[in-house]
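S.K.: Have a look at the structure that comes next, please.
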Amino acid sequence: MAKPSRNEFHVAIVGAGIGGLALAMALHKKGISFTLYEDAKEYSVVGAGIGFAPNGMRTMDLIEPGFRPLYEAICVGNKGEDAQDIFFEGMLLEEGLGRDMPWYGHSGWGHPDYVRKSAHRKTLLDIMTSFIPIENVKFNKRLTNIEQRPDGVTLSFLDGTTAECSVLAGADGIKSTVRANVLQHYPSQVAPVYAGAYCYRAVIPMSEAYEILGDLTDVAKIYFGHGRGAVTYRITGGDEFNYLLCVDESLDGWKLEGAVTEAISHEAMMSDFEDPRLDDRFRQLLAKAKPVKWGFFHHIHTASYYRDRVVLIGNSAHASLPFQAAGAAQGLEDALVLSSILAEVAKMPERGTDLARYIQAGLSAYDSVRRPRAQKQLEQAAEVRRMIFFQHEEAGVDMDNILPRLQQGRFDWLWFHDMNDDVQEAVKRMQKQLSHQSSNGLGDLRLFWRTTSEDAYQKRATSRGLKAIISDPVEGAENVLKAYFEQSRSYLEGFGDYDKLVSNYEFVHDIVPRLPEADFIQENGPERLELKRGLIATLDKHARPGVVIASSSSGLPSSEFIQQCEQDSTRVLIGHPSTLRI
Numbered sequence: 031m032a033k034p035s036r037n038e039f040h041v042a043i044v045g046a047g048i049g050g051l052a053l054a055m056a057l058h059k060k061g062i063s064f065t066l067y068e069d070a071k072e073y074s075v076v077g078a079g080i081g082f083a084p085n086g087m088r089t090m091d092l093i094e095p096g097f098r099p100l101y102e103a104i105c106v107g108n109k110g111e112d113a114q115d116i117f118f119e120g121m122l123l124e125e126g127l128g129r130d131m132p133w134y135g136h137s138g139w140g141h142p143d144y145v146r147k148s149a150h151r152k153t154l155l156d157i158m159t160s161f162i163p164i165e166n167v168k169f170n171k172r173l174t175n176i177e178q179r180p181d182g183v184t185l186s187f188l189d190g191t192t193a194e195c196s197v198l199a200g201a202d203g204i205k206s207t208v209r210a211n212v213l214q215h216y217p218s219q220v221a222p223v224y225a226g227a228y229c230y231r232a233v234i235p236m237s238e239a240y241e242i243l244g245d246l247t248d249v250a251k252i253y254f255g256h257g258r259g260a261v262t263y264r265i266t267g268g269d270e271f272n273y274l275l276c277v278d279e280s281l282d283g284w285k286l287e288g289a290v291t292e293a294i295s296h297e298a299m300m301s302d303f304e305d306p307r308l309d310d311r312f313r314q315l316l317a318k319a320k321p322v323k324w325g326f327f328h329h330i331h332t333a334s335y336y337r338d339r340v341v342l343i344g345n346s347a348h349a350s351l352p353f354q355a356a357g358a359a360q361g362l363e364d365a366l367v368l369s370s371i372l373a374e375v376a377k378m379p380e381r382g383t384d385l386a387r388y389i390q391a392g393l394s395a396y397d398s399v400r401r402p403r404a405q406k407q408l409e410q411a412a413e414v415r416r417m418i419f420f421q422h423e424e425a426g427v428d429m430d431n432i433l434p435r436l437q438q439g440r441f442d443w444l445w446f447h448d449m450n451d452d453v454q455e456a457v458k459r460m461q462k463q464l465s466h467q468s469s470n471g472l473g474d475l476r477l478f479w480r481t482t483s484e485d486a487y488q489k490r491a492t493s494r495g496l497k498a499i500i501s502d503p504v505e506g507a508e509n510v511l512k513a514y515f516e517q518s519r520s521y522l523e524g525f526g527d528y529d530k531l532v533s534n535y536e537f538v539h540d541i542v543p544r545l546p547e548a549d550f551i552q553e554n555g556p557e558r559l560e561l562k563r564g565l566i567a568t569l570d571k572h573a574r575p576g577v578v579i580a581s582s583s584s585g586l587p588s589s590e591f592i593q594q595c596e597q598d599s600t601r602v603l604i605g606h607p608s609t610l611r612i
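Per the numbering used here, the very first residue in the sequence shown carries number 31; after that it's consecutive.
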């Protein structure tokens, strides 16, 4: 594959996990130029069990029609026709498993239209990589630096090489390097947060598992307990058994900063399940696991999934606890929506700096559609963790309260959501932003109006006798403004002499020194919370007291971005130039 030039629309993907591979598949299907960079020397050969609910299966179809049939050929569900629609069955980890409880025997939860489809992660990755041309993949590429420019992004790697792209998609996992770039204004949100629990995990032959658990291996299960829990299910066509043996501890219990795993001794591992009240069969399973603690970390707070030309997908954006078995599917959903947005951007004739506003509008739309849904899933998975360890604020230790909570309000929105609707909504939001930008003349134009005539408030903008001081940081913005005036000539001539009207403004590169002159300020910055907050704070700091600051925000309430105002936050209001009457 030839090295992309700065004039070519090209996407760089960092990380060849599920999210990165899904995005590569989707971009390849849509004919969009991309390169996938992977830190390792080859595709991943490690992993354990993984599963997809109906939303994940439908998303496979939308990414690549050949994806789902190959996955269904290697996945497996519960054993027995009557158990296919069970997501998990709940039992206790203690001796007897809760057989004497009234709920025992009807403790499963799921949906009539759900069919469990679990597999081994390595096999899934083998399927996904088969759709990606190897010439689009570069291994041994550890990202060390990201430089965003008005016309693109430069990536630097540990081996001393660099690469150029129009958009960078960070799919580099829970310890993402790209995430630090996106959240540079939110440093406390960059690192994953320890959820106060870890697990030992293993995949063993089904024959060995059956010797220990018997027909308890038939249906996927979650075992509940005070400070201990377990998750088990079949994979690899029923030939293998995947399990996690979980341990609760304090939120500050993880001591290895920067690491999500910890190798310990076999004796230390076994001591975690030495409580005699626990069913001995789980100690037998534990003895077959490697003595490695897998910490449960997640990104419980993420202010944005993008910044300028850099965007996050998969675990880089929303690493989740595994207890809702939905994290991988969320990565597929990310890839579907983002690839659809990037396909819209790729259609535009502009390149380099001129493409920036399309990228901004597209990534903002992706963020507004994907982030609420992915974060809701993440929060619900954390809630399930509390229930497993009998720590839920309302359900407590009563399985009669816990089991209904695991069913109600948890899956209709997640499993049966129409991803086609999300794609269409994201494209619609992108187009709306671009339309709004175009109606105001510039992409992220900031208009600063100064009144100069007695009838100023009865007339609008330059066509109504107002003196306008205009600023925009994008290169070439003044030329775009002039072109817009020319396109609007017939309209403006209805208000008087065209040349006189369009000369009644001044374009400046640094607006701050001119803010004290303004009698009214109109802000039309991008729909990004961190940018809005800083911009509004600057306007408030330098504008005269009493001067109204109108923001064109359509997706963010003013209460979200006035928090840094030092003078008077009450003068900030929502006001769109296309509808505001001055």
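Backbone N, C-alpha and C fix where the C-beta goes; we use that ideal spot for every residue, glycine too.
1. What would DSSP say about A358, mapped onto helix, strand or coil?
2. Verify the contact flag: R313, CB atom, against every heavy atom of the ligand FMN, threshold strictly below 7 Å.
3. So Q178 is in the beta strand (DSSP E); what residue range does that whole segment cover?
4. Mapping DSSP to helix, strand and coil, what is M131?
5. Give me, in chain order, the residues of the same chain whose beta-carbon lies closer than 7 Å to that of Y73; leave out the 5 immediate sequence neighbours on both sides.
6. Straight-line CA distance for L372 to L464?
7. Would G174 be called buried (16 or more neighbouring beta carbons within 10 Å of its own) or exposed?
8. What is the DSSP secondary structure of I62, counted as helix, strand or coil?
9. What residue range is occupied by the uninterrupted beta strand (DSSP E) comprising L351?
10. Count the other CB atoms within 10 Å of the CB of V542; is the residue buried (16 or more) or exposed (fewer)?
11. Whose C-alpha, out of C276, K320, Q314, Y336, is nearest the C-alpha of I294?
12. Sorted by chain position, which residues of the same chain lie with C-beta nearer than 8 Å to H447's C-beta, five sequence neighbours on each side aside?
13. Taking the C-alpha atoms as reference points, what is the distance between G361 and N211?
14. Can you tell me whether N470 is buried or exposed? The criterion is at least 16 other CB atoms within 10 Å of its CB, across all chains shown.
15. Just to confirm my understanding: we take D570, look at its own chain, exclude 5 residues before and 5 after, and list those with CB closer than 6 Å. What are they?
16. Can we say the segment 300–312 touches the segment 190–202, given the rule of at least three CB pairs closer than 8 Å?
17. With burial defined as no fewer than 16 other Cβ atoms inside 10 Å of the residue's Cβ, what is the status of W139: buried or exposed?
18. Quick check on the DSSP output: the beta strand (DSSP E) that includes R231 runs from which residue to which?
19. For K406, count neighbouring C-beta atoms within 10 Å of its own C-beta (all shown protein chains included) and say buried if the count is 16 or more, exposed if not.
20. Can you tell which of H422, F441, D502, L531 has its C-alpha closest to the C-alpha of Y144?
21. Residues in its own chain within less than 7 Å of H649 by CB, not counting five upstream and five downstream?
22. Just to confirm, is the Cβ distance from L559 to A221 under 8 Å?
23. Taking the alpha carbon of L287 as the reference point, which residue from K205, T184, G382, L185 has its own alpha carbon closest?
24. Looking at the unbroken alpha helix (DSSP H) that takes in F591, where does it start and where does it end?
25. Helix, strand or coil for W445, going by three-state DSSP, please let me know.
26. Classify H329: buried if its beta carbon has 16 or more other beta carbons within 10 angstroms, exposed otherwise.
27. Cutting at 7 Å between CB atoms, please list the residues of its own chain near H331, excluding the five before and the five after it.
28. Measuring alpha carbon to alpha carbon, tell me which of F525, A298, H256 ends up nearest D428.
29. Between T262 and A250, what straight-line distance do the alpha-carbon atoms span, to the nearest angstrom?
30. On the CB-based measure, 16 or more other CB atoms within 10 Å of its CB, does I164 come out buried or exposed?
31. Which residue spans inside the segment 261–345 form an unbroken alpha helix (DSSP H) run of at least 4?
32. Any idea what DSSP makes of L100, helix, strand or coil?
33. Taking the C-alpha atoms as reference points, what is the distance between C195 and T184?
34. Taking only three categories from DSSP, how would you classify F169?
35. Check whether the Cβ atoms of C229 and L281 sit closer than 8 Å, and answer yes or no.
36. Excluding sequence positions up to five away, which residues of its chain have a Cβ less than 8 Å from the Cβ of A149?
M.R.: With the structure as the only source:
1. helix
2. Absence of the ligand FMN from the depicted structure is noted, as is the absence of any ligand whatsoever, leaving it without description.
3. 173–179
4. coil
5. A46, L155, T159
6. 14 Å
7. The sequence shown places Thr at residue 174, rather than the Gly named in the question. T174 should be labelled exposed.
8. coil
9. For L351, there is no enclosing beta strand (DSSP E), as DSSP marks it with neither H nor E.
10. exposed
11. K320
12. Excluding residues within five positions, the ones whose Cβ falls inside 8 Å are N85, R403.
13. 20 Å
14. Any answer about N470 is weak, because its pLDDT of 39 lies below 50 and its placement is not dependable; what the coordinates show is given next. Classification of N470: buried, given that the 10 Å Cβ count is 16 or more.
15. C595, Q597
16. The segment 300–312, when compared against the segment 190–202, does not touch it at the 8 Å Cβ threshold.
17. When all chains shown are included, W139 counts as buried.
18. 223–235
19. exposed
20. It is F441.
21. The structure shown has nothing for residue 649, since the chain only spans 31 to 612.
22. no
23. With the sequence shown as reference, residue 287 is identified as Glu, and Leu is not the correct amino acid for it. Answer by Cα proximity: K205.
24. 588–591
25. helix
26. The residue in question, H329, is buried, as its Cβ has 16 or more Cβ neighbours within 10 Å.
27. Q219
28. H256
29. 6 Å
30. exposed
31. 296–301, 310–317
32. helix
33. Cα to Cα, the separation comes out at about 7 Å.
34. coil
35. no
36. G79, I80, G81, Y101, I104, C105, V106, I265, T266
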